[in-house]
Amino acid sequence: MKPLNQLVRSNIWNLAPYSCARNEYSGADATVFLDANENPFNSSLNRYPDPLQRQLKQQVSTVKNIPEANIFLGNGSDEAIDLVYRIFCQPGKDNAVAISPTYGMYKTCADINDVEYRPVLLDPGFCLNADRLLAAVDANTKLIFICSPNNPTGNSLQQSEMEKVLRSFEGLVVIDEAYSDFSQQPLFRNRLDEFPNLIVLNTMSKAWASAGIRLGMAFSSEAIIHLFNNVKYPYNVNVLAQQKAMDMLQRPQTIQRWLKIILQERETLMDAVQMLPYCKKVYPTDANFFLAQMDGADSIYQYLVNKGIIVRNRSRQPMCEDCLRITVGSPDENTTLLSALRKF
Ligand SMILES: *Cc1c(COP(=O)(O)O)cnc(C)c1O
């Protein structure tokens, strides 16, 4: 990895971060807060949240087995994706390389930040080819985006190929593990010490059943987390989201129970979809969704919409011709979907 000061934009490296009234707040001994022009009434919502979400990070640290100093919490992992561009990529000059097809926000954030985005097609079977990815890198490449299990394809990428990218690339490698709770693969978030250029993304939106609260995570070296903290909005995770996240993190048995149901349902649903006469292929998955190639995906998609059932039409994504991405729902929802599909 290049020295961090060669990878970070100079304005960010030299930034004097905004110092908010609650920056030094530790919560321990103070009882009278007259520092932030808050209203003394309407407790518990009258106070600004802890900008560094210390209490919540303690819980995340326990659940994810990552030291607090290596954790960034944001308004969804989408915030972390936007932040890596704003921290590392000089608009109009630097670029980011990513696998394709993959999660759309990597490109959208690149476009918003005026950063050139270089998608590199996966190999057949949606396999990662490290050499092909690395061939797209040049002197201005600051970031590589990898997603495993990948969205929209559902498969996990090969560990050794991901390791090769981490070892060979001099910039930052973002590995998005949004769906890792559904998979049995070893986790890159446990290998931060081995790879100083690694940023792992996690989210409360999928397995943790809390997309509505907007709570995403990035795990990385202390130095990189420090940069995230300097650039983020001071109060980027609101009080209610912090409370609800802590409530969920205290219920790991519930999450395990839901996960088990979803994984069982996934197998049943995939088998049933595979049997449909117009289904050409169901791709293997490690996530809570799967990709199904259909004869006439567009018309099936529209037929389902008319019945009030929404799946994701991915047929215009590279390598995903005629593919629908189907999320595994509740047993009732899956039954509704299947009986509609059988009548098509
Ligand atoms: C759903 C998803 C996310 C989650 O984003 P949030 O902003 O945390 O809701 C992140 N990455 C991928 C690949 C996803 O599919």
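According to numbering that gives the first Met the number 0, the sequence shown holds residues 0 to 343 in order.
Note that beta-carbon positions come from the ideal geometry of N, C-alpha and C, so glycine has one too.
Just to check my reading of the structure: residue i and residue j have Cβ atoms closer than 8 Å, yes? What is that Cβ distance to the nearest angstrom?
i: I308; j: A339; result: 6 Å
i: F71; j: I224; result: 5 Å
i: A240; j: K205; result: Not confirmed; about 16 Å, so no contact.
i: T202; j: N149; result: Contact flag wrong, Cβ pair sits at about 15 Å.
i: I198; j: V83; result: 6 Å
i: Y232; j: P48; result: No, Y232 and P48 are not in contact; Cβ-Cβ is about 11 Å, not under 8 Å.
i: I174; j: S155; result: About 11 Å separates the two Cβ atoms, so there is no contact after all.
i: V7; j: L226; result: 6 Å
i: V238; j: L44; result: 6 Å
i: D122; j: Q184; result: Wrong, their Cβ atoms sit about 18 Å apart, outside the cutoff.
i: S179; j: L186; result: 6 Å
i: L3; j: N229; result: Incorrect: roughly 13 Å between the Cβ atoms, too far for contact.
i: K279; j: D294; result: 6 Å
i: N333; j: L275; result: Contact doesn't hold; Cβ gap of about 14 Å is too wide.
i: S99; j: L133; result: About 15 Å separates the two Cβ atoms, so there is no contact after all.
Please classify residue i as buried or exposed, where buried requires at least 16 other C-beta atoms within 10 Å of its C-beta.
i: C88; result: buried
i: F194; result: buried
i: L55; result: buried
i: V236; result: buried
i: D81; result: buried
i: V31; result: exposed
i: F344; result: Examination of residue 344 is not possible in this model, given that the chain is present from 0 through 343 alone.
i: E78; result: buried
i: I53; result: Looking at the sequence provided, one finds Arg at residue 53 rather than Ile. With fewer than 16 Cβ atoms within 10 Å of its Cβ, R53 is classed as exposed.
i: G103; result: exposed
i: V304; result: exposed
i: T152; result: buried
i: G124; result: exposed
i: Y17; result: exposed
i: F168; result: buried
i: S42; result: exposed
i: P50; result: buried
i: D93; result: buried
i: L262; result: exposed
i: R313; result: buried
i: N36; result: exposed
i: R117; result: buried
i: G91; result: exposed
i: S9; result: exposed
i: R188; result: buried
i: S182; result: buried
i: F218; result: buried
i: S220; result: buried
Would you say residue i reaches chain C, if we count a Cβ-Cβ gap shorter than 9 Å as a contact?
i: E67; result: This model lacks chain C altogether; it includes just one protein chain.
Mind listing, in chain order, the continuous alpha helix (DSSP H) runs of no fewer than 4 residues lying wholly within the region 3-35? The qualifying runs are 3-6, 9-12.
Got a list of residues with beta-carbon closer than 5 Å to any non-hydrogen atom of ligand 1, in chain order? This criterion selects G75, S76, D77, Y102, C146, N150, D175, A177, T202, S204, G215.
Could you pull out every unbroken beta strand (DSSP E) segment of at least 3 residues lying fully inside the region 84-167, listed in chain order? Listed in chain order, they are 94-99, 115-120, 140-146.
Are the region 133-144 and the region 207-222 touching, with three or more C-beta to C-beta distances below 8 Å? Result no; under three Cβ-Cβ pairs closer than 8 Å.
Three CB pairs or more closer than 8 Å across the region 104-123 and the region 61-74: Touching, no.
Count the CB pairs spanning the region 274-294 and the region 322-332 that are closer than 8 Å, and state whether there are at least three. With three or more CB-CB distances shorter than 8 Å, the region 274-294 counts as touching the region 322-332.
Would you call the region 128-136 and the region 156-170 touching, i.e. three or more CB-CB distances under 8 Å? Flag = yes, the region 128-136 and the region 156-170 touch.
Jot down the residue ranges of each uninterrupted beta strand (DSSP E) in the region 282-322, minimum 3 residues, whole runs only, in chain order. Within the region 282-322, the beta strand (DSSP E) runs of at least 3 residues that lie entirely inside it are, in chain order, 288-293.
Length-filtered (4 minimum) alpha helix (DSSP H) runs lying within the region 58-88: Within the region 58-88, the complete alpha helix (DSSP H) runs of at least 4 residues are 76-87.
What are the uninterrupted segments assigned as alpha helix (DSSP H) that are 4 or more residues long and contained completely in the region 232-291, given in chain order? Those alpha helix (DSSP H) runs which fall completely within the region 232-291 and span 4+ residues are 238-248, 251-274.
For the region 191-231, list the beta strand (DSSP E) runs that are entirely contained and at least 3 residues long, ordered along the chain. Segments of the beta strand (DSSP E) lying fully in the region 191-231: 197-202, 215-218.
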